[in-house]
Amino acid sequence: MATLKIEGLRASVVGKEILKGIDLTVSSGEVHAVMGPNGAGKSTLSAIVMGKPGYEVLAGSITLETGGESLDVLAMPTWKRAAAGLHLVMQYPTEVPGVQLDAVLTEAFVSRERSTDDLDGLIRSEAGRINFDERFLTRSLNVDLSGGEKKRNETLQLAALAPKIAILDELDSGLDIDALRDCARRVEDMSNDGDEPLGVLAITHYSRLFDELKPDFVHILADGRIVETGGAELAATLESDGYGAFAPATEDSADASANALADLF
Ligand code: ADP
Ligand code: MG
0 MATLKIEGLR ASVVGKEILK GIDLTVSSGE VHAVMGPNGA GKSTLSAIVM
50 GKPGYEVLAG SITLETGGES LDVLAMPTWK RAAAGLHLVM QYPTEVPGVQ
100 LDAVLTEAFV SRERSTDDLD GLIRSEAGRI NFDERFLTRS LNVDLSGGEK
150 KRNETLQLAA LAPKIAILDE LDSGLDIDAL RDCARRVEDM SNDGDEPLGV
200 LAITHYSRLF DELKPDFVHI LADGRIVETG GAELAATLES DGYGAFAPAT
250 EDSADASANA LADLF
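Below, the structure written as structure tokens:
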């Protein structure tokens with residue numbers, strides 16, 4: 000059983016506070032959706048969990064409880080976070096010319112002290128499960144792949160690495176319905192299978208991701224705060240009503256309504 004615990008997290012980027020107090024706990028086998036409008040801080044949250052440079056943590060903690068240990072995630076370099084079982088599926092997968100998928104996975108397996116004896120077979124069987132064409136396996140990572148192929152490639156890496164907790168940053172952006180179904184279904188299976196099923200933090204705008212990946216909890220992130228938490232029904236409410244009902248009053252919007260009121264009198 001693994002648990003990612005985010006407590007009181009406040010963070011800034013280029014001097015601007017983006018996350019204003021996030022509390023979130025994700026355990027093995029749970030699927031947590033984080034939904035929110037553009038600019039809410041969703042990608043910032045994923046960047047901070049993985050340790051992307053350029054973000055400053057102002058307050059709070061992130062811990063990964065696994066194998067009887069409690070790891071201080073914020074004190075670890077990114078590669079150690081990944082080796083400990085955290086994994087990010089990126090919104091915009093990076094192209095890495097000259098580096099093939101099997102080389103990436105070999106490095107990752109070695110750093111996790113996992114045998115690479117049947118890595119080739121594993122890659123092929125995972126590719127088959129998500130309908131990722133084998134001829135792409137020998138290309139440079141994400142180079143000349145379509146949006147859907149890139150996300151299939153990301154999903155293949157996730158499945159092969161089998162981390163403890165995965166963050167999916169808009170897995171559903173830039174891919175077609177078939178690719179979305181294949182990728183989301185694979186993640187849903189991972190969240191159900193094995194002794195220590197995958198814990199998932201799925202960041203998205205749209206509830207269509209949840210046709211295949213079934214969330215246990217839905218959180219709404221707006222202006223750097225979680226303003227609402229519910230079950231899958233909350234995603235359906237958002238789809239019909241939008242984020243407006245959940246958006247916190249900002250200083251700008253408060254000013255705008257004060258001005259509008261002043262204009263009336
Ligand atoms: P979301 O993923 O919810 O759409 P982001 O986390 O990407 O939102 O961005 C939140 C806010 O932080 C936005 O206003 C964005 O412009 C700003 N931001 C994020 N990363 C950077 C960065 N590296 N440099 C400058 N501003 C950033
Ligand atoms: Mg984003």
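0 is the number of the first residue of the sequence shown in numbering that gives the first Met the number 0; add one for each residue after it.
All C-beta atoms in this analysis are idealised placements derived from N, C-alpha and C, irrespective of residue type, glycine included.
Considering only residues of the same chain and omitting the five flanking positions on each side of residue i, which have a CB-CB separation below 6 Å?
{"i": "ASP265", "result": "Lying outside 0 to 264, the shown extent of the chain, residue 265 is not represented and no answer is given."}
{"i": "GLY223", "result": "ILE17, LEU18, LYS19 and GLY40"}
{"i": "SER110", "result": "ALA82"}
{"i": "GLU29", "result": "GLY198 and ASP215"}
{"i": "LEU167", "result": "VAL88 and ALA201"}
{"i": "GLY14", "result": "none"}
{"i": "LEU174", "result": "GLY146, GLY147 and LYS150"}
{"i": "GLY243", "result": "none"}
{"i": "SER27", "result": "MET0, ALA1, GLU195, PRO196 and GLY198"}
{"i": "THR115", "result": "THR105 and PHE108"}
{"i": "GLU211", "result": "ARG180, ALA183, ARG184 and GLU187"}
Should residue i be listed as close to the ligand FMN, given that the test is whether its C-beta is under 6 Å from any heavy atom?
{"i": "SER42", "result": "With respect to small molecules bound, the structure shown includes the ligand ADP and the ligand MG and not the ligand FMN."}
Which same chain residues, not among the five before or five after residue i, have their C-beta less than 8 Å away from its C-beta?
{"i": "ALA235", "result": "SER206"}
{"i": "LEU57", "result": "ARG9, ALA10, SER11 and GLU16"}
{"i": "ARG70", "result": "The identity of residue 70 in the sequence shown is Leu, whereas the question assumes Arg. The residues are THR62, LEU63, GLU64 and ALA83."}
{"i": "PRO36", "result": "HIS204, ALA221, TYR242 and ALA246"}
{"i": "GLU106", "result": "none"}
{"i": "TRP78", "result": "SER110"}
May I ask you to list the residues that DSSP assigns as paired with residue i?
{"i": "ILE61", "result": "ILE5"}
{"i": "SER69", "result": "GLU64"}
{"i": "TYR54", "result": "VAL12"}
{"i": "ASP229", "result": "It should be pointed out that residue 229 corresponds to Gly in this sequence rather than to Asp. For GLY229, which the question treats as bridged, DSSP gives the partners VAL217."}
{"i": "ILE21", "result": "LEU8"}
{"i": "VAL33", "result": "ILE202 and HIS218"}
{"i": "ARG113", "result": "Its beta-bridge partners do not exist; DSSP assigns none."}
{"i": "GLN99", "result": "SER139"}
{"i": "VAL88", "result": "LEU167"}
{"i": "ARG224", "result": "ALA221"}
{"i": "ARG26", "result": "The amino acid occupying residue 26 in the given sequence is Ser; Arg does not appear at that position. THR2."}
With a CB to CB cut of under 7 Å and the five nearest residues on each side skipped, what residues in its chain are close to residue i?
{"i": "PRO76", "result": "GLY50"}
{"i": "ILE129", "result": "ARG151, THR154, LEU155, ASP181, CYS182 and ARG185"}
{"i": "GLY97", "result": "SER139"}
{"i": "ALA259", "result": "Below a pLDDT of 50, predicted positions are generally treated as unreliable, and ALA259, at 44, falls in that range; no measurement from the model is reported."}
{"i": "GLY229", "result": "VAL217"}
In terms of alpha-carbon separation, which member of the options lies closest to residue i?
{"i": "ALA161", "options": "LEU144, GLY173, ASP188 and GLN99", "result": "ASP188"}
{"i": "PHE216", "options": "THR203, GLU227 and ALA231", "result": "ALA231"}
{"i": "THR93", "options": "GLY59, ILE47, SER45 and LYS150", "result": "LYS150"}
{"i": "GLY67", "options": "GLU125, THR2 and ALA32", "result": "THR2"}
{"i": "GLY146", "options": "ASP116, GLU133 and GLU169", "result": "GLU169"}
{"i": "LEU44", "options": "GLU64, SER27 and LEU23", "result": "LEU23"}
{"i": "ALA159", "options": "ASP177, GLU125, LEU179 and ARG184", "result": "GLU125"}
{"i": "ARG123", "options": "GLU133, THR115, ILE47 and SER114", "result": "GLU133"}
{"i": "SER172", "options": "ALA46, SER27, SER42 and HIS31", "result": "SER42"}
{"i": "ALA32", "options": "ASP240, SER239 and GLU227", "result": "GLU227"}
{"i": "ASP101", "options": "THR137, ARG80 and PHE131", "result": "THR137"}
{"i": "GLY38", "options": "ILE219, LEU233 and VAL103", "result": "ILE219"}
{"i": "GLU6", "options": "TYR54, LEU157 and VAL72", "result": "VAL72"}
{"i": "ARG80", "options": "GLY53, VAL103, ASP177 and ILE164", "result": "ILE164"}
{"i": "GLU238", "options": "ILE21, MET34 and VAL25", "result": "MET34"}
Subject >> Start-end ranges of the alpha helix (DSSP H) lying completely within the stretch 126-168, minimum 4 residues >> reply: 146-160
Original post:
Would you call the stretch 194-209 and the stretch 138-148 touching, i.e. three or more CB-CB distances under 8 Å?
Top reply: no
Original post:
Enumerated in chain order, which unbroken segments of the beta strand (DSSP E) with a length of 3 residues or greater are wholly contained in the stretch 168-214?
Top reply: 198-203
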